[in-house]
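Chemist: For reference, the structure I am asking about is given below.
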Amino acid sequence: MNRRTLSTLLGLITFLLPMLSWAAPQPLIFSHVVSPDTPKGKMAEMFKSIVEKKLGDQYEIIIHSDSSLMNDNEAVNAIADGRIHFAAPSLSKFERYTQQLKVFDLPFLFPDMNAVNRFQKSPTGQALLTSMKSQGILGLGYLHNGLKQLTADRPFTQPDDLAGLHFRTMNSDVLIKQFELLNAKAVPIAFSEVYQALAEQRIQGQENTWSNIFSKAFYDHQPYMMISNHGVLDYMLITNSDFWGGLSEEEQRSFRFALDMSLKYGNAVAKAKSANDKTELSRMKSVSVYEPSADELATWQTAMQPLWDSYKDIIGEEIIRAAQQASRP
Ligand code: LMR
């Protein structure tokens, strides 16, 4: 190759390189804290595969599961600042941005997941998705996990049994107060640290869904469980408002399609996993799953329900009323 050809070739490469790197798909970060084999983990994978099928030459979805990038409180802030693109934190983790979502933390408000679903689909539930838009957080949809159960390292059947014990909560003042009403000590801890805190006996109990208890092996240190169904743990799929606003209509349609499909799939997985993981745990010889009678459950309700009144003005009476309406079809 003579000098002239070589320099033409080099010139061509120099010209093409920026175009090549410009053409590489833009990485979009989806951060979450649970295992891939959970409703949220499965939903994220399906979302990735549909987006990349439709828009693969423009975008690549990079999923960070199991808190490998950041915890949920950090993820909510990172979405608000536009540092990451997608996350699906529990509805209990938006305290810094809105008080309205605390409705989901009120104990015994939703009798079952159908009621949760009806509320999320109601005009009030849909309006909550855009309630943090001006702060950079846009909700694109809800994803189920399921109802929460109480677990501990010792047997318990009534509220007094928990007095003095340390219970892990998500970082939500409603949940903290819920345990204080039981005279237990609430300890807010990031999800990624719960297993270790249980193993080191820094906490004696926690509340979570069948899927999270099973997938994170909390049963190793929490052999006593109660079918309390006392609260809900669901998620909001969120993105950064400016990132979303900067997408073309065509792109938004493709993302919406991927979201609709993957949220439907995630919700179906949530339903199946809730039943399946409960059965798996009930079958374990080392685990005792207690089913309270209606009267016993009523004592838990009486102990926790004062929270409804104390949060009436903070959450907004009309929001609580809409959730109650959805609970009585
Ligand atoms: C928790 O912190 O217990 C949950 O929010 C974890 C999750 O995302 O399901």
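The sequence shown begins at 4 in the numbering used here and counts up by one.
Glycine residues also receive a C-beta, built at the ideal position from the N, C-alpha and C atoms.
1. Decide if residue 2 is buried, meaning its Cβ has at least 16 other Cβ atoms within 10 Å, or exposed.
2. For residue 90, does the count of other Cβ atoms within 10 angstroms reach 16, so buried, or fall short, so exposed?
3. Around the Cβ of residue 312, are there at least 16 other Cβ atoms within 10 angstroms (buried) or fewer (exposed)?
4. Please name the residue or residues paired with residue 188 in a DSSP beta bridge.
5. Going by Cα to Cα distance, which pick from 291, 255, 145 and 262 is closest to residue 156?
6. Roughly how many angstroms separate the alpha carbons of residue 171 and residue 27, rounded to a whole number?
7. Measure the C-alpha to C-alpha separation of residue 253 and residue 55 and round it to an integer number of angstroms.
8. Provide the residue(s) that pair with residue 115 in DSSP beta bridges, ordered along the chain.
9. Compute every distance between the C-beta of residue 37 and the non-hydrogen atoms of ligand 1, then say whether any falls below 6 Å.
10. Going by the C-beta, is residue 93 closer than 6 Å to any heavy atom of ligand 1?
11. Indicate the three-state DSSP secondary structure (helix, strand or coil) for residue 151 in the structure shown.
12. Run through the DSSP bridge pairs and tell me what residue 32 is partnered with.
13. Indicate the three-state DSSP secondary structure (helix, strand or coil) for residue 73 in the structure shown.
14. Which two residues bound the contiguous beta strand (DSSP E) that contains residue 393?
15. Is any heavy atom of ligand 1 found at a distance shorter than 6 Å from the C-beta of residue 194?
16. According to DSSP, is residue 296 part of a helix, a strand, or is it coil?
17. Might you give, ordered along the chain, the residues of its own chain that have their beta carbon closer than 6 Å to the beta carbon of residue 65, omitting 5 neighbours on each side?
Modeler: Answer, in terms of the structure:
1. In the structure as shown, the chain begins at 4 and stops at 332. Residue 2 is therefore absent and cannot be evaluated.
2. buried
3. exposed
4. 169
5. 291
6. 43 Å
7. 15 Å
8. Looking at the DSSP assignment, residue 115 forms no beta bridge with any residue, so it has no partner.
9. yes
10. yes
11. strand
12. 65
13. coil
14. Given that the chain is displayed from residue 4 to residue 332, the structure contains no residue 393 and the question cannot be resolved.
15. yes
16. coil
17. 30 and 32
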